[in-house]
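S.K.: One structure, pasted below without further comment.
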Amino acid sequence: EAQVTQNPRYLITVTGKKLTVTCSQNMNHEYMSWYRQDPGLGLRQIYYSMNVEVTDKGDVPEGYKVSRKEKRNFPLILESPSPNQTSLYFCASSLSNGPKGEQYFGPGTRLTVT
Amino acid sequence: SQQGEEDPQALSIQEGENATMNCSYKTSINNLQWYRQNSGRGLVHLILIRSNEREKHSGRLRVTLDTSKKSSSLLITASRAADTASYFCATAQRAGTALIFGKGTTLSVSS
Numbered sequence: 003e004a005q006v007t008q009n010p011r012y013l014i015t016v017t018g019k020k021l022t023v024t025c026s027q028n029m030n031h032e033y034m035s036w037y038r039q040d041p042g043l044g045l046r047q048i049y050y051s052m053n054v055e056v057t058d059k060g061d062v063p064e065g066y067k068v069s070r071k072e073k074r075n076f077p078l079i080l081e082s083p084s085p086n087q088t089s090l091y092f093c094a095s096s097l098s099n100g101p102k103g104e105q106y107f108g109p110g111t112r113l114t115v116t
Numbered sequence: 156s157q158q159g160e161e162d163p164q165a166l167s168i169q170e171g172e173n174a175t176m177n178c179s180y181k182t183s184i185n186n187l188q189w190y191r192q193n194s195g196r197g198l199v200h201l202i203l204i205r206s207n208e209r210e211k212h213s214g215r216l217r218v219t220l221d222t223s224k225k226s227s228s229l230l231i232t233a234s235r236a237a238d239t240a241s242y243f244c245a246t247a248q249r250a251g252t253a254l255i256f257g258k259g260t261t262l263s264v265s266s
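Going down the list, the sequences are from chains D and S. Going by my numbering, the first residue of the first sequence is number 3, and it counts up by one from there. Going by my numbering, the first residue of the second sequence is number 156, and it counts up by one from there.
Shown next, in the form of structure tokens:
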């Protein structure tokens, strides 16, 4: 089944404890991105990747890192999480036309930083 | 960099009625897309309309695009309780590297 998977789905952590949220797609998509969703603010893009080893900042990249060593994986790294990073995170991928194409979203990761 | 703004923010209707949601945006676009999100879940792509198209249909969905007014509408006909969800418009700018989402319309369909 074609899909985007994220792990973990739920995470409660403490300020400053490094964490990684994994994202994997099995559709051979070149374009992948991370969004965060907050009440009243909608979805905002954190980082995106046009292809392997090509990543760039989105609208809200502060406090996050990403890597794209393989086409299928695009992990999101929080080196020192803070409470303002409490949010619902989505990974997405797209085949045709990259950011202009239909996006396939993962199920989301709900992160709470205390 | 908010681009799309949906209207209304919330909509409550009865099963069988039609639901109309509107989206306005600010800059020139390559295409506009509509997504649905069931509570707390991932977004699901519904329909994509290109800047040179004016209307598109998919099942019970009808999308219109007016580039002169920088606006789009999503019509869901004969709504069902299962249509209860949040609906987002997203715009792809011509030279952009991201799909920019609006804040969404929350639709409640009661039986």
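Don't be surprised by glycine CBs; every beta carbon is placed ideally from N, CA and C. These numbers come from a predicted model, not from an experiment.
Cβ closer than 8 Å: which chain S residues qualify as neighbours of residue 102 of chain D?
M.R.: Within 8 Å Cβ-Cβ: 185, 186, 247, 251, 254.
S.K.: State yes or no: is the beta carbon of residue 12 of chain D nearer than 8 Å to at least one beta carbon in chain S?
M.R.: No - not a single Cβ of chain S is within 8 Å of the one on residue 12 of chain D.
S.K.: Looking at residue 109 of chain D and residue 197 of chain S, is the spacing between their C-beta atoms short of 8 Å?
M.R.: Contact flag set, yes.
S.K.: Terminal residues of the continuous beta strand (DSSP E) containing residue 165 of chain S?
M.R.: From DSSP, the beta strand (DSSP E) with residue 165 of chain S extends over 165-169.
S.K.: So if I threshold CB-CB distances at 9 Å, which residues from the region 186-211 of chain S count as touching chain D?
M.R.: Answer set for the region 186-211 of chain S: 186, 188, 190, 192, 195, 196, 197, 198, 199, 200, 203.
S.K.: Cα separation between residue 54 of chain D and residue 199 of chain S?
M.R.: So the two alpha carbons sit approximately 25 Å from each other.
S.K.: Note down the Cα distance separating residue 203 of chain S from residue 221 of chain S, rounded to an integer number of angstroms.
M.R.: Between residue 203 of chain S and residue 221 of chain S, the C-alpha separation is close to 14 Å.
S.K.: Inspect the beta-carbon positions of residue 106 of chain D and residue 23 of chain D and report whether they are closer than 8 Å.
M.R.: No, Cβ-Cβ distance for residue 106 of chain D and residue 23 of chain D is not below 8 Å.
S.K.: Buried or exposed, going by whether 16 or more other CB atoms sit within 10 Å of the CB of residue 43 of chain D?
M.R.: Under this definition residue 43 of chain D is an exposed residue.
S.K.: Cutting at 8 Å between CB atoms, please list the residues of its own chain near residue 248 of chain S, excluding the five before and the five after it.
M.R.: Excluding positions up to five away in sequence, the list reads 158, 182, 183, 184, 185, 255.
S.K.: Return the residue from the list D:116, D:103, D:114, D:12 that minimises the CA-CA distance to residue 34 of chain D.
M.R.: For the residues D:116, D:103, D:114, D:12, the minimum Cα distance to residue 34 of chain D belongs to D:103.
S.K.: For chain D, check one thing: does any of its Cβ atoms lie closer than 8 Å to the Cβ of residue 259 of chain S?
M.R.: Output row for residue 259 of chain S: interface = yes.
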